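Asker:
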Amino acid sequence: MSIQVNSALNSCPVIWLGESGPALETAWSRFQVYHVRNIETAWRALQYGVSSCLVIDLSALEHPVAQLLDDTRKRWPHIGILGLVDSDPGVSPALAYPQLDRCLSRHAPLQDMDRIICSLAEQVAARPASSDFDRLMDRARHLEGLAQATLALSGTQEFTDMLHNLKEAGRVSVDADDVVVLLANDDYSSLSDAFDFGVPPEYLRLCQAHLSSLPLEERQQYLANEVLLHERPPDGASDSMRVREATAANAWSYMRLPVLAAEGVIGFVSLLSSQPNRFNGVHLQLGRVFAAQVSTAVRNMRLYLNLNRTEQRLQAILKQAPVAVVVCDALGTIQLANPEAEQVMRQVGLELPHWIGRKVSEAVREVLPDGLGKLDISKQVVEFSLGPSGEYLLHFGSITGPEGAIDGYIGVAQNVTQIRQMERMKSNLTRVLTHDLGNLIMLARGPLEMLDEPDLPLDQRNTLKGMLSGSLQRMEALIKDVMDLEMVGALGQATMTPYHLDSLVRQAVKRSQDYAQSRQITLQYQEINKPAHALKGHAVLVMQAIDNLVSNAVKYTDLGGRVDVISEIEGEEAVVRIKDT
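Start counting the sequence shown at 2; every next residue gets the next number (the numbering used here).
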């Protein structure tokens, strides 16, 4: 069945809310269809007076449309509303949506839909219509606010949704069937669909080939040119670049406008229409305003990507950092913490999600001793102990804004438990070494005084000289150990090197051998089994510990006694045992 539609009805615009399909394609060939995919864009299109009929594909929408139907019926009672459903409409859609004028199955013959839209459009056709110029001027007045609202980045709106709404804003406000945005790379050698709007492949290939064929100094000029093609001439009538572009885009009316950024022109926005003579000078003005909004979107996109990239890098650093990091605002309220900080808080009974948005000083007061009840984040370094969880050194740094004002604080807590243990071990060993050195001096004083006796037999004199020589060697070894210990404190874990336990034990036994013989003590060493590989650690500390054990055993064993030194491997540990009588 063929339906004749007069030019007045054919010029009545229709807003189609839903996804693409055969029904939409048919309507597009018969009416001026403005295709939108979400309720917000449909409402804006209704506000700006671009519709005489509203078609809603109820089966393709995820969100309820009852509010849209109520508001449309109250504000624009003359607009016809057609609802499309999956199956035979029956009576249920009419009950669910009483605001609908008509309800039709999406699978009904296309002629039925065509006839219903024509009937609904007749409701508006009799109303006094303003001129095309007035209608376009109205769109010009509303375009900037519409595009700006579309570009707004709220906390609940994804960036991809913003770009989709931007394309819809261009189609509705500039009266275009499709919008293409192509951006050039840094050296202007290629173009890309950076916003993922979709671009006809042949159109992209043509523009890409033409850009790369131009000398470098002419490429920016090509992108900066404004193009307005009212009507594409018949095939073969013209071979100009603008006609070739329109042909490649399958557009009968065509506009191209530059997109600018701080560094200059960076691409262009193309507006396509399937109808000849759709675009004129007023549309060109609208297109310029829309191109300016695309430029704003490019700046927003760059900022979004830079912030997102920076955030990803910071998140990676925070996750891999072997220290606990907490970020606070200017008032000391916890905003962010890395996994290491979350683990430390969990060890002391604090759950991080509970403390987000609360003062860091409150969290610290719950775990610090009473003597450290208050935490002043203006201080740069604070050291505290969390008992079994370890000792921590907390560094605070301020985060300042462009004008120098403090926007927040960052706290970095380093676990210094092992460092403090090493410092205490060093202090204890220093005291032991000092004590042993004093004992050697006392032991050397007696033989030294006896050497002054004129009637001392030669053999006893030689024995005393040997004892003095041994004491001096022992003092020299102790002084060397003190120097080595200072080096350990200065270099920290850098001094942890592979060493052989057998060599250290033999050296310690050898040091005490002369003293053992002077007291008629038998001192023997036995290695039952060896480690599979060299051990790693502070050899000087291990040596000092073994030497202290051996020398004390010899010192406190009765005359004529016995001291046995044994080294062996037990499971994952190397063990040195000293037995005395």
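Think of the CB as a built atom: it goes at the ideal place given N, C-alpha and C, for glycine as much as any other residue. Predicted model, so just to flag it, every value in this text is computed and none were measured.
For residue 530, collect the residues of the same chain with a Cβ closer than 8 Å to its Cβ; drop the 5 residues on either side in sequence, then sort them by chain order.
Answerer: 569, 570
Asker: Based on the DSSP output, what are the partners of residue 500 in its beta bridges?
Answerer: 536
Asker: Take residue 296 and list the residues in its own chain whose beta-carbon comes closer than 6 Å to its own, dropping the five residues that flank it on each side.
Answerer: 260, 261
Asker: Could you tell me which uninterrupted alpha helix (DSSP H) segments, each at least 4 residues in length, are contained entirely in the stretch 326-365, listed from first to last along the chain?
Answerer: 340-348, 353-356
Asker: Which of the three DSSP states, helix, strand or coil, is assigned to residue 461?
Answerer: helix
Asker: Where residue 274 and residue 230 are concerned, what is the direct C-alpha to C-alpha distance, given to the nearest angstrom?
Answerer: 10 Å
Asker: Nearest by alpha-carbon distance to residue 197: which of 213, 180, 209, 189 is it?
Answerer: The residue with the shortest Cα to Cα distance from residue 197 is 180.
Asker: Report the option in 544, 543, 516 whose CA atom is closest to the CA atom of residue 559.
Answerer: 516
Asker: Nearest-angstrom Cα distance between residue 444 and residue 550?
Answerer: 18 Å
Asker: Quick one: is residue 258 buried, meaning 16 or more other Cβ sit within 10 Å of its Cβ, or exposed?
Answerer: buried
Asker: Is the Cβ-Cβ distance between residue 100 and residue 59 less than 9 Å?
Answerer: no
Asker: Can we say the stretch 395-410 touches the stretch 472-480, given the rule of at least three CB pairs closer than 8 Å?
Answerer: Taking a cut-off of 8 Å on C-beta distances, the stretch 395-410 does not touch the stretch 472-480, as fewer than three cross pairs fall below it.
Asker: How should residue 557 be labelled, buried or exposed, when 16 other C-beta atoms within 10 angstroms of its C-beta is the threshold for buried?
Answerer: exposed
Asker: Assign residue 231 to one of three DSSP states: helix, strand, or coil.
Answerer: coil
Asker: Can you list, in chain order, the stretches of the beta strand (DSSP E) that have 3 or more residues and sit fully within the stretch 263-292?
Answerer: 265-274
Asker: Quick check: the stretch 423-436 against the stretch 454-463, are there 3 or more CB pairs under 8 Å?
Answerer: no
Asker: Cutting at 8 Å between CB atoms, please list the residues of its own chain near residue 500, excluding the five before and the five after it.
Answerer: 535, 536, 537, 538, 540, 543
Asker: Could you check whether residue 434 and residue 545 sit closer than 9 Å to each other, using their CB atoms as the reference points?
Answerer: yes
Asker: Would residue 218 be called buried (16 or more neighbouring beta carbons within 10 Å of its own) or exposed?
Answerer: exposed
Asker: Tell me whether residue 522 sits in a helix, a strand or coil according to DSSP, three-state version.
Answerer: The answer is coil: DSSP assigns residue 522 none of H, G, I, E or B.
Asker: Taking DSSP's pairing of strands, which residues face residue 415 in a bridge?
Answerer: DSSP output for residue 415 lists 394 as bridge partner(s).
Asker: Are the CB atoms of residue 415 and residue 441 nearer to each other than 9 Å?
Answerer: Between residue 415 and residue 441, the gap from beta carbon to beta carbon reaches 9 Å or more.
Asker: With residue 215 and residue 249 assumed to form a contact (beta carbons below 8 Å), what rounded beta-carbon distance in angstroms separates them?
Answerer: Contact between residue 215 and residue 249 does not hold, since their C-beta atoms are separated by about 17 Å, which reaches or exceeds 8 Å.
Asker: Going by DSSP in three states, residue 64 sits in which element: helix, strand or coil?
Answerer: coil
Asker: Compute the distance between the beta-carbons of residue 522 and residue 563, then report whether it is under 9 Å.
Answerer: The beta carbons of residue 522 and residue 563 sit closer together than 9 Å.
Asker: Could you work out which residue in 450, 314, 389, 242 is closest to residue 419 when comparing CA atoms only?
Answerer: Nearest C-alpha to residue 419: 389.
Asker: Exposed or buried, which one is residue 279 when buried takes at least 16 other CB atoms within 10 Å?
Answerer: buried
Asker: Identify whether residue 560 lies in helix, strand or coil by the three-state DSSP scheme.
Answerer: coil
Asker: Who does residue 117 pair with in a DSSP beta bridge?
Answerer: Answer by DSSP bridge pairing: none, since residue 117 is not bridged.
Asker: How would you label residue 573, buried or exposed, when you count the other beta carbons within 10 angstroms and need 16 or more for buried?
Answerer: exposed
Asker: Indicate the three-state DSSP secondary structure (helix, strand or coil) for residue 516 in the structure shown.
Answerer: helix
Asker: For a quick check, are the C-beta atoms of residue 53 and residue 183 less than 9 Å apart?
Answerer: no
Asker: Do you know whose CA, among 107, 209, 111, 256, lies nearest residue 190's CA?
Answerer: If we check each option's Cα against that of residue 190, 209 comes out closest.
Asker: Can you tell me which of the three DSSP states residue 81 falls into?
Answerer: strand
Asker: Distance check for residue 299 and residue 306, CA to CA, integer angstroms please.
Answerer: 10 Å
Asker: So residue 14 is in the beta strand (DSSP E); what residue range does that whole segment cover?
Answerer: 14-18
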